[in-house]
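Going by the UniProt record's numbering, the letters in the sequence shown line up with residues 1 to 109, in that order.
Glycine included, each C-beta is placed from N, C-alpha and C at the ideal position.
Below is one structure, written out as structure tokens; comments come after it.
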Amino acid sequence: MKETHFIDYLKHFVNHVRCSKTKPVLLLLDNHDSHLSIEGLNYSKENGVTILSFPPHCSHKLQPLDRSVYGPLKKYINSAFDSWMVNNLGKTMTIYEIPNLNSLLFANN
1 MKETHFIDYL KHFVNHVRCS KTKPVLLLLD NHDSHLSIEG LNYSKENGVT ILSFPPHCSH
61 KLQPLDRSVY GPLKKYINSA FDSWMVNNLG KTMTIYEIPN LNSLLFANN
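In structure tokens, the structure reads:
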């Protein structure tokens, strides 16, 4: 993510959360470089958003979604893609197959 995209995200976030200096919110982020721009931090401060950044390579105790949601999701998607490639030898996966494969997650669970 580029710094300009992060600023756009912050504006979207502030608009939908409806925070202000009198009604502040806490935003938890990973430690990506784009989250550390002066412009982004100033915009956050002006709009009542306190940013707390996780340290790099922190454990699952600090990032529980990595273990409980994103880890199993990534495992399932990789398995579905591998299965597709085995069943479609010689074909190249296009962007049109990806939504169908991802939708199987919700159909099966």
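Report yes if the C-beta distance between N42 and V14 is below 7 Å; otherwise report no. Counting from one through the sequence shown, the residue named residue 42 turns up at place 42. Counting from one through the sequence shown, the residue named residue 14 turns up at place 14. Note that the C-beta distance between N42 and V14 is not below 7 Å.
Nearest-angstrom Cα separation, counted from T22 out to I38: Against the sequence shown, residue 38 aligns to sequence position 38. Against the sequence shown, residue 22 aligns to sequence position 22. One C-alpha to the other measures close to 22 Å.
Exposed or buried, which one is L65 when buried takes at least 16 other CB atoms within 10 Å? Locating residue 65 in the sequence shown gives position 65, where the first residue counts as 1. By the 10 Å Cβ count, L65 comes out exposed.
Compute the Euclidean distance between the alpha carbons of S83 and T50, then round it to the nearest angstrom. Reading the sequence shown from its first residue, position 83 is the one you call residue 83. Reading the sequence shown from its first residue, position 50 is the one you call residue 50. Each residue's alpha carbon lies about 43 Å from the other.
Within 10 angstroms of the Cβ of C19, are there 16 or more other Cβ atoms? Answer buried if so, exposed if not. Numbered from 1 along the sequence shown, position 19 holds the residue referred to as residue 19. Flag for C19 reads buried.
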